[in-house]
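Working notes for the structure below.
There are 2 protein chains.
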Amino acid sequence: MSIKHSLLALLAESPRYGYQLRGEFEERTGSTWPLNIGQVYTTLDRLERDALVEKEGDDGEGHVIYSITDAGRTEVMGWFAQPVAATNPPRNELAIKLALALTLADVNVSAVVQAQRTASMKLLQDYTRQRRAAATHAGTQLSGEPGTGNANDAAWLLVLDSLIFTTEAEVRWLDHCEGWMAKRAASAGTAAKPAQARATADTAVVK
Amino acid sequence: MSIKHSLLALLAESPRYGYQLRGEFEERTGSTWPLNIGQVYTTLDRLERDALVEKEGDDGEGHVIYSITDAGRTEVMGWFAQPVAATNPPRNELAIKLALALTLADVNVSAVVQAQRTASMKLLQDYTRQRRAAATHAGTQLSGEPGTGNANDAAWLLVLDSLIFTTEAEVRWLDHCEGWMAKRAASAGTAAKPAQARATADTAVVK
DNA sequence: CGACACATGTAACACGTTACATGATTTG
DNA sequence: CAAATCATGTAACGTGTTACATGTGTCG
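Those protein sequences? They're chains A and B, same order as listed. Just so we're aligned: 29 in this note's numbering is position 5 of the first sequence, and the numbers increase by one with no gaps anywhere. Just so we're aligned: 83 in this note's numbering is position 59 of the second sequence, and the numbers increase by one with no gaps anywhere.
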């Protein structure tokens, strides 16, 4: 649903052609989510089929220009007005993985958590570094001319912040899981769950 | 990729049949991510095609039992050992939406943020309520017999915590966006971006 | 000329959801 | 008996990725 509406949103601003749409999308999101060009065309086909966009003739350059219809405008405004689907939250692969690991005897949950934490911390550092670079860049742009590009820089900054916030939350959750597991292992002195009673972090995931 | 590996993980514990796999998955994740039964069967077909699982004959009950192969065991252990794909982070529809809204003249970004914040806060309250209920339930279970079911309760608790952490981060980010926009509107006294200079929160998304 | 970016597509496949068909067993 | 649950599938469709085919224009 994301891409369909993203293309509609861009077309709501002005008519564009396929290749151009990919460029605009990636520029505004800082290439965080690369957009396959093939899908742009197939999505445009479907949007045209559903009468949300229209093909215009050539623009004198030989490009296949699409423009949004009234129905499309209604659709995209509805997208902006509605919060993203509160029901059935997107599958969180990490949460699923840990939940399953917890219930499996021959998986070292601590090792899984550690591996993930290392990767997430590295990601977080990358994002933070990029954020610093982007901020200074946007700053110089701001003191410069106020033409185009500023809104895109702003969007990219906020997208980066989103990634940072999300990754921080992930790391916090991983730490929370570790603490929880340590507490559980400690209170499992005699009976309870012998399979979970290895609190020290071995390196191997499999016992 | 999530489901394929989840089914493999469950089969690594013991051979099971399709309907049973769905039940186990949903129990361990607290029905957070409902699993379509149709997909279980098609996924099992693909897993069998790829020689990661095998069909066993009847179990005396007429059920179609699947068991994991050595290749499947290798696959699932690799899944646990590897951190979830650091490259190309999953598309964040909310971030995309806000990034695009920022660059579109006729969208009221504040209204979009407000609508989302309301929805996310409500979600957060739901999760917190569920978390309280689940915690007391797990508590009584713990003081009771230490049989099966505890690991599943634990998994469900951690999944809930994951949802809470994620949603909290989302709300924080939304607030961050609001603050950022307010600051930007304030510093846009004369020139800069006139289209973004409406800081007060109207109710309508479209101007 | 050769490599590269621009530009438009098509085909095959993976993954996921919804809906439908079919039958057995259980339960009010 | 009727309804619900258990159980196994199939079909259609939407969405997304990868890879391929094809052609133009530009630049070193």
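The beta-carbon is built from N, C-alpha and C at its ideal position, and this holds for glycine as well. In this text, all values refer to a predicted model and were calculated from it rather than measured experimentally.
Straight-line gap, residue i to residue j (C-alpha atoms, nearest Å)
i, j, result
"Gly203/A", "Tyr151/A", "26 Å"
"Ala129/A", "His29/B", "16 Å"
"Thr227/A", "Ser91/A", "Note that Thr227/A scores a pLDDT of 47, beneath 50, so its modelled location is shaky and nothing firm can be said."
"Val131/B", "Ser38/A", "14 Å"
"Leu232/A", "Arg208/B", "Because chain A spans 25 through 231 in this model, residue 232/A falls outside it and cannot be assessed."
"Pro113/A", "Glu194/B", "13 Å"
"Gln138/A", "Ala178/B", "19 Å"
"Ala135/B", "Thr191/B", "19 Å"
"Gln149/B", "Leu34/B", "31 Å"
"Trp103/B", "Gly81/A", "50 Å"
"Gly54/B", "His200/A", "19 Å"
"Leu124/A", "Pro107/B", "15 Å"
"Ala36/A", "Ala36/B", "50 Å"
"Ile27/A", "Leu68/A", "10 Å"
"Val133/A", "Arg153/A", "30 Å"
"Gln44/B", "Gln44/A", "48 Å"
Own chain residues within Cβ distance below 6 Å of residue i, not counting five before or after
i, result
"Glu169/B", "Interpretation of Glu169/B is limited by its pLDDT of 37, a score under 50 that renders its predicted location unreliable; the figure taken from the coordinates is listed afterwards. Contacts found: none."
"Tyr65/B", "Gly42"
"Gly86/A", "none"
7 Å CB neighbourhood of residue i in its chain, flanking five on each side removed
i, result
"Val88/B", "Tyr41, Gly42 and Lys79"
"Ala95/A", "Ala75 and Leu76"
"Arg46/B", "Leu59, Ile61 and Val64"
"Ala159/B", "Leu181"
"Leu147/B", "Thr191"
"Thr16/A", "Absent from the structure is residue 16/A, since the part of chain A shown begins at 25 and ends at 231."
"Lys97/B", "Note on identity: in this sequence residue 97/B is Arg, with Lys being the wrong assignment. Correct list, in chain order: Ala36."
"Ala105/A", "none"
Residue from the options whose Cα sits closest to the Cα of residue i
i, options, result
"Ala110/B", "Leu118/A, Gln106/A, Glu72/A and Arg46/A", "Leu118/A"
"Trp57/B", "Thr160/B, Glu72/B, Val183/B and Lys121/B", "Val183/B"
"Met25/A", "Thr53/A, Glu48/A and Val100/A", "Val100/A"
"Ala157/A", "Leu122/A, Arg52/A, Ala36/A and Leu181/A", "Leu181/A"
"Lys121/B", "Ala210/A, Arg97/A, Phe49/A and Ser211/A", "Phe49/A"
Run of the alpha helix (DSSP H) containing residue i, from where it starts to where it stops
i, result
"Val100/B", "Asp94 to Ala105"
"Glu80/A", "Note, Glu80/A: premise wrong, no alpha helix (DSSP H); not H, not E."
"Thr56/B", "Note, Thr56/B: premise wrong, no alpha helix (DSSP H); not H, not E."
"Ala33/B", "Ser26 to Glu37"
"Gly62/A", "Ile61 to Arg73"
"Leu128/B", "Note, Leu128/B: premise wrong, no alpha helix (DSSP H); not H, not E."
Cβ separation of residue i and residue j, assumed to be a contact under 8 Å, to the nearest whole Å
i, j, result
"Ser186/B", "Asn176/A", "Wrong, their Cβ atoms sit about 32 Å apart, outside the cutoff."
"Arg52/A", "Thr127/B", "6 Å"
"Arg196/A", "Phe189/B", "6 Å"
Proximal residues to residue i (C-beta, below 8 Å), its chain only, five neighbours per side dropped
i, result
"Leu198/A", "Val137, Gln140, Arg141 and Ser144"
"Ser211/B", "none"
"Arg155/B", "Leu181, Leu184, Asp185 and Ile188"
"Glu72/A", "Glu78, Lys79 and Tyr90"
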